[in-house]
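Peer 1: Sharing a structure here in structure tokens format.
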Amino acid sequence: MYLEDYRDFCLSLPHATESMPFGENTLVFKVGDKMFSLIDIEVFESVNLKCDPELAIQLREEYPGVLPGYHMNKKHWNTVQTDGSISDELLREWTVMSYELVKKGLSRKVKELLGF
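According to our numbering, the stretch in the sequence shown is residues 991 to 1106, in order.
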């Protein structure tokens, strides 16, 4: 998957926003001001995604292209390689899972503001 395709996909999710709070090379996608995906825009070689802790371990064991979250809480985040070892379909599926996990954890007030 190309960087622009991934960016377009993330921004197609309801109320998803993008920002660069960690510098000019790291693009962060959020819902309700909470991160669900991070990418390096200079070298698009991986995506950091939030994940259920038990599923995170399972995915790391099953897919060599899934690693503990780089510079993230390794219990809750995975780094997914974008070198073709993980299909675009799985990358989109796991991105939606990350988005939904973050959305579920939003406060009731934020959910109401966003219409969730």
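By construction, the Cβ of each residue, glycine as well, lies at the ideal position given by its N, Cα and C atoms.
My assumption, with CB atoms under 8 Å, is that C1041 sits in contact with N1063. Please give the rounded CB distance.
Peer 2: Position 51 of the sequence shown holds residue 1041. Position 73 of the sequence shown holds residue 1063. 11 Å between Cβ atoms; not a contact.
Peer 1: Between which two residues does the alpha helix (DSSP H) holding T1085 run?
Peer 2: As a working mapping, residue 1085 is identified with position 95 in the sequence shown. Taken as a continuous stretch (DSSP letters only), the alpha helix (DSSP H) holding T1085 covers 1078-1094.
Peer 1: Assuming contact is defined by CB atoms lying nearer than 8 Å, are K1024 and G1105 in contact in what I supplied?
Peer 2: Residue 1024 sits at position 34 when you count from the first residue of the sequence shown. Residue 1105 sits at position 115 when you count from the first residue of the sequence shown. No, the pair does not count as a contact, with Cβ atoms beyond the cut-off.
Peer 1: Apart from the five residues on each side of it in sequence, which residues of its chain come closer than 6 Å, Cβ to Cβ, to A1046?
Peer 2: Stepping through the sequence shown from its first residue, residue 1046 is reached at position 56. Result list for A1046: N1068, in chain order.
Peer 1: Would you call Y1060 buried or exposed, if buried means 16 or more other Cβ atoms sit within 10 Å of its Cβ?
Peer 2: Taking the first residue of the sequence shown as position 1, residue 1060 is located at position 70. Looking at its Cβ environment, which holds fewer than 16 other Cβ atoms inside 10 Å, Y1060 is exposed.
Peer 1: Quick one: using the 10 Å Cβ neighbour count with 16 as the cut-off for buried, is N1038 buried or exposed?
Peer 2: Taking the first residue of the sequence shown as position 1, residue 1038 is located at position 48. Per the 10 Å Cβ criterion, buried.
Peer 1: Could you give the distance in angstroms between the alpha-carbon of Q1048 and the alpha-carbon of P1011?
Peer 2: Counting from one through the sequence shown, the residue named residue 1048 turns up at place 58. Counting from one through the sequence shown, the residue named residue 1011 turns up at place 21. Approximately 30 Å, taken between the alpha carbons.
Peer 1: Do L1028 and T1016 come within 8 Å of each other at the CB atom, strictly closer than that value?
Peer 2: By 1-based counting over the sequence shown, the position of residue 1016 is 26. By 1-based counting over the sequence shown, the position of residue 1028 is 38. Taking 8 Å as the Cβ cut-off, T1016 and L1028 qualify as a contacting pair.
Peer 1: How close, in whole Å, do the beta carbons of D1073 and E1035 come, if the pair is a contact with beta carbons under 8 Å?
Peer 2: To locate residue 1073, count along the sequence shown from 1; it is residue 83. To locate residue 1035, count along the sequence shown from 1; it is residue 45. Sure, about 7 Å apart at Cβ, within 8 Å.
Peer 1: For F1019, report the span of its beta strand (DSSP E) as first-last.
Peer 2: Residue 1019 sits at position 29 when you count from the first residue of the sequence shown. First-last of the beta strand (DSSP E) with F1019: 1016-1021.
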